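Reviewing the structure listed below.
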Amino acid sequence: MFRSFSRQRNDRTGHSGDVTVQSRDAIDHFKLLTFNIEGIRGNAPYLEEILPFNDFICLQEHWLWQYEQQEATKFLKHFNYAIRSSDCNFPKVHSVRSRGNGGVMICWNSKFDSYVKTLKDGNERIIAVEINSSPKRICLINCYLPTSGYSDTAVKYQDNLDLLEIIIQKYCESHQIILVGDMNATMLLSRRNDSDRRFRSFIDKHKLGTLANMGTAPTYQHGKGSSQIDYIFSHTVDNLLELEICHQHPTNTSSHVPVVGKIKATLSLTCAKSIKPPERRRNLWKDCDIEAYQSTLSNSQIPIIERPDQIKTFIDQLNGNILAAAKIAVPSKKIRLKGPKWKASPALRQLLVKGNLIHKNWIQYGRPTVNHPIIEERRSIKRRIRSQQRQDMACERKQFYNQIVESGKSTNFYKLIRRGLSNTISKPQGFMNEGQLILDLDKQSKGFARFYEDLAVPKQLEQFDSDYHENTQFNLELIRKIVLENKDTFSPITPDEVKSAIYKLNNNKSSDEYGICAEHLKLASSTIFNVLSVLFNAIIEHCYIPLQFLSGIITPVHKKGKDATDFALLINECIVEAKEFNLPLFIAFLDSQRAFDVVDHPSLKCKLFLNGICCKIWNVIDTWYTNLTSRVKWCGRLSDNFPIKQGVRQGGILSTGLYKTYINDLLKTLERNRLGMHIGTTYIGCPTVADDIALVANSATDLQLMLNVANSYANREKYVIHPEKSTILMKIPPKRSNTTSSDWKLGDNEVSVSKTTTHLGIIRSEKNEVSINIDDRISCATKTLYSLTGTGFHGTNGLPPTTCMKLFITYVLPRLLYGLETFVLKQYHLNALEKFYINFLRKIQCLPNRSVKGITYLLLGVRPATAELHIRQLNLFGCIIRSENLTLNKILRRQISTKSETSDSWFTYIDKLLVQYDLPSAAKMVINPPCKLLWKKNVKLAIDKFWTQKLLLDCQNKSTLSYCDLSSLKIGTVHKLWSSIESNIKDVRRGGIKARLITGTYVLQSNTSKFNQHEVSSVCPLCQYEDEDIVHFILKCNALFRYRKSYIEELEVIINSISNPNTCSWNSLVGDFGLLTQLILDPSVLIKQKILSCSEKTLTKIEDCSRKMCFSLHCGRSLIINSEH
């Protein structure tokens, strides 16, 4: 996570205002001050004045660089602190000791050390601590938001608001939020710039408040202007006992004045005891003795089932046999909830044994404290133990990171993310039920069970059609009689069909209430497949569902989004069609209340029969859904069974198909009556994804008729469409601006018209729809980036760039590009995505913003965001031409054949992409669709080739890249600079310095002289001998001789060890500074020129040595310059 510095002092005798920490139970409030100090050094006298009267002090703009953070100690007597500097995440290369900027810190009286814990959340502008108080702990957040007046202020300001939102959402349930700092925006309505609007919207959204006595007094004054931009906010305003804006003080050199508050809080060192969940164990299937497991199960006899009651008995026996065989052949382990158990290495064990002996000797000598040899022995062994622990941890971390890069297994990524999770509670220990917070796990389980049991009982609302329901019941009874009299046979289920179905089950999923999971069946012998086929056939034949098959488990989880690409594409084509023909467009997004959970069973059964389902199968489904039951699983606890009288089983294999059958009559009715929009002759008036239905029409009258049909169908089928959550979007062409909105109704309720709405994760808007979605995707990706910072997903003190890219592609990129493949993006849209993407790449490689774009991508061998988006668009096109969806196929063929090149149709855009990447035209592909795998492979090869050439073209003729081997760079191949580094912080930092040297962005004196508006000498500031260019810095500067000497000698040994006669000798290289510089920066150029010939292993040694040398020279240069200043 972002590096913070927190000092813990032993001196706890300092005075802290009016709070006396004698009895810890007596603390009922503390004093809090926030202040933009504008330099802790220059404003030290005023800081000394305010320290004694406050308990917590939040400072902004302390102006300390990361390497200067410890200097804060001398200004904060009897105070401890957590601090972040503006360069804490990506340290800057300081050629001279310049004045710092920005930075935030939270200080607290040392008497409160036991109550305060620094949180990892935040960035260089945001820092947070946890204060142990009751009834809720306090999350104190100090922030310094970006100032206005710069071109990128809006982007930076929103990025920081997004981070604040993540922190608040993370802690709001379990903590009281207190937000303080310099907001660089005001709550006063007299000022209305962009930052003010964003900030006020943020405060309102999260229901933060402050006391009214803040008034309009300014907290910041600069020249004649003044404003109120420093605040203290809280979720609970009642906890703000006092707030006061201080007056300007003679010793205060800042343009800000402090804001002081008294916070109501009972501080306590004791926390509520956490409820221990029951012990859980996990089967280790990878260590299963398959032969023993299968041989045990092979003794199971194929049953002869003559009566229905034999089915239940046989299933119990089969479950018992499977579990008994697993107990014999499959080892298990306890699921640890606090991470893996730490294991000492052999070297550390030896040191621990030695340390125990020395400790016993120290006790025998009477526990001496001074003037005894045993004291130094004890200190020495402690240092050695700590050193060995750090080495072991570094070695384990390195091996783990290497596994992530080499294996690419998703399990390793999940382990990495779990390691990065904060230890603090990030979600509530309980949930609210009828206004009460329930913490007991048994009560929580019962509460969920009551909720789902109530949901499973049909409700007879006033608007429901009771006559239709009676007719449905009557029809159902008739169908049951017809099915009983039907003598048709069914095709028996074969063992091969059972085997095929079992092998399609996913591994590593939860077991059922009897303890059976997919692995139990997948690893079973063929005998089990035969047994199961006989069992299933008996169930169908006797129409008897055993109790074991009737019960299911419900596990409450967060709602998951749906794949909306086809749906979004259809709506986008409707928008394009309406725009080209100058037609108004009205879209109603209907929100059905728990659609899957309220499916009417009698109606569903009637629809299944009318669709021609086999009578035997229909009988099984009828029996099954008549006697269905469920239980709720929560934190390892199972509730009692309760009956399911409505709804399809969530997560069931049949559930999606059953719901489609249930809702399909509505879609057919709309299409049959030709209500809604058509593209050509193809009906497209009601695109649907599961329970999400959109009604699309070109006239207000048509839309109202469609709403009437949908509402009538909902009343017949006994489900509710939310008129409040449903919304209508209008897209009116400029030439039809006189079109007025109607008062659309859903039954007796009006449906609201919205300018913007979110549907299936994609924002729909009257105007600028694509731009709004781009901004939303970037905001989502930013939040995802931040959520991964705990894994080390950031600059020079985190993961290697190669590992960061693996994580980015796995977790961030899908969120960045979600839904965008269905839009036609203009160049400025793509530029916005590229800006976010390339900024991230530069940060993880420690490259400045002026680095060449092409080299930023090619060093890591990654595609630009535009290329990734094009891959998704072309793959979607491949899915469409292979799809069995008739509507999509008709639209595809029509748009390709009728649209001109100037059309905004998505299919026209795809045709242009196919030409751009030299792929077959859309018309040819429709006639002869390629197979999925071949198409994906061809798309990636074509796009990688195109973008490699384009990026290399961007790098050509760049003087800064004169030492980089451009010919070896291509997408998909990582440069040796990054592929050879080890997975530790030191090597990542070394790589960052060498990356700047290779790309020509390391600032030397010759660069400063060339690009400075004032006259600056280009002579080396270290040796004062000649111009400081890259050759001088690496090889010639006498002041850096001792920093490069050992590495030059190591390089000499490596080169002389090469036995290949085609390799240039070391003496030849030393005689040519250009060749030697090339060897240090990028030796692959010498290999291409046949000056050097060596193995991959030797090349890695050269790279490792040169990387250490470059970093050593950088450190030496910075040390000398800083010491001179």
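Each residue of the sequence shown is one higher than the one before, starting from 1 at the first, in full-length UniProt numbering. Every residue, glycine too, gets a C-beta built ideally from N, C-alpha and C. Nothing here was measured: the structure is a model prediction, and the numbers come from that model.
TODO: Count the other CB atoms, across all protein chains shown, that sit within 10 Å of the CB of D387; report buried if there are 16 or more and exposed otherwise.
DONE: Residue 387 is actually Ser in this sequence, not Asp. Exposed.
Task: Between the CA atoms of I1121 and N160 - distance to the nearest angstrom - done: 34 Å
Task: Backbone secondary structure at L140 - three-state DSSP - done: strand
Task: For Q60, the residue or residues it bridges with in DSSP - done: N36, V104
Open item on the list: Suppose contacts are defined by Cβ-Cβ distances below 7 Å. Is S491 in contact with G552 by that definition?
Closed with: no
Task: DSSP-derived helix/strand/coil call for I229 - done: coil
TODO: Determine the DSSP secondary structure at N283, reduced to helix, strand or coil.
DONE: strand
- [ ] Measure the alpha-carbon distance for A518 versus S445 and round it to whole angstroms.
- [x] 25 Å
TODO: Provide the residue(s) that pair with M730 in DSSP beta bridges, ordered along the chain.
DONE: F586
Open item on the list: Whether or not the stretch 614 to 631 and the stretch 721 to 728 are in contact is what I'm after, with contact meaning three or more pairs of Cβ atoms, one per stretch, closer than 8 Å; do they touch?
Closed with: no
Task: Beta-carbon proximity list for G854, same chain, < 7 Å, skipping 5 on both sides - done: L951, L952, D954, C955
- [ ] Note the first and the last residue of the continuous beta strand (DSSP E) segment covering I83.
- [x] 79 to 84
Task: Buried/exposed call for P602, threshold 16 Cβ in 10 Å - done: buried
Open item on the list: Could you tell me the alpha carbon to alpha carbon distance between N351 and Q389, rounded to whole angstroms?
Closed with: The question names Asn, but residue 351 in the sequence shown is Leu. When rounded, the distance between both Cα atoms is 10 Å.
Open item on the list: Taking the beta strand (DSSP E) that E244 belongs to, which residues open and close that run?
Closed with: 240 to 245
Open item on the list: Let's test the definition: count the other Cβ atoms within 10 Å of the Cβ of F1111 and tell me whether it reaches 16, buried, or not, exposed.
Closed with: buried
Open item on the list: Looking at I232: is its Cβ nearer than 7 Å to the Cβ of V259?
Closed with: yes
Task: CB-CB length for S983 against E1103, believed under 8 Å - done: Not really, about 15 Å apart at Cβ, beyond 8 Å.
- [ ] Classify T216 as buried or exposed, calling it buried when 16 or more other Cβ atoms lie within 10 Å of its own Cβ.
- [x] exposed
TODO: Measuring alpha carbon to alpha carbon, tell me which of D113, C107, I166, Q60 ends up nearest E124.
DONE: Q60
Task: Cutoff 7 Å; reference K755; Cβ partners in own chain excluding five residues on either side - done: S765, E766
Open item on the list: So for residue 1126, helix, strand or coil by DSSP?
Closed with: Outside the shown range of the chain (1 to 1125) lies residue 1126, about which nothing can therefore be said.
Task: Coil, strand or helix - L695 by DSSP - done: strand
- [ ] From the DSSP output, in three-state form, read off R1117 for me.
- [x] helix
Open item on the list: Could you give the first and the last residue of the continuous alpha helix (DSSP H) run that contains S295?
Closed with: 290 to 297
Open item on the list: Less than 7 Å between CB atoms is the rule here; does L638 satisfy it with respect to chain D?
Closed with: Here there is only one protein chain, and chain D is not present.
- [ ] For S234, I'd like the list of residues in its chain whose CB is within less than 6 Å of its CB, leaving aside the five on either flank, ordered along the chain.
- [x] I178, L240
- [ ] Express the C-alpha separation of T661 and E541 in angstroms, rounding to a whole number.
- [x] 25 Å
Open item on the list: Under DSSP, the beta strand (DSSP E) around D775 begins and ends at which residues?
Closed with: Per DSSP, D775 belongs to no beta strand (DSSP E); it is in the alpha helix (DSSP H), 769 to 787.
- [ ] Please classify C1105: does DSSP put it in a helix, a strand, or coil?
- [x] helix
Task: Residue interval of the beta strand (DSSP E) (run including S1017) - done: Looking at the DSSP string, S1017 is not in any beta strand (DSSP E), and its letter there is neither H nor E.
- [ ] Please state whether DSSP places I553 in a helix, a strand or coil.
- [x] strand
TODO: Tell me residue 1193's beta-bridge partners as DSSP assigns them.
DONE: The structure shown does not extend to residue 1193, since the chain spans only 1 to 1125, so no value can be given for it.
- [ ] Tell me, to the nearest whole angstrom, how far the beta carbon of I778 is from that of L590; I am working on the premise that it is less than 8 Å.
- [x] With a Cβ gap of about 29 Å, I778 and L590 do not count as contacting.
Open item on the list: Using a 10 Å radius around the Cβ and a threshold of 16 neighbouring Cβ atoms, would you call L1119 buried or exposed?
Closed with: exposed
TODO: Output yes or no for whether 7 Å exceeds the beta carbon distance between S226 and E38.
DONE: no
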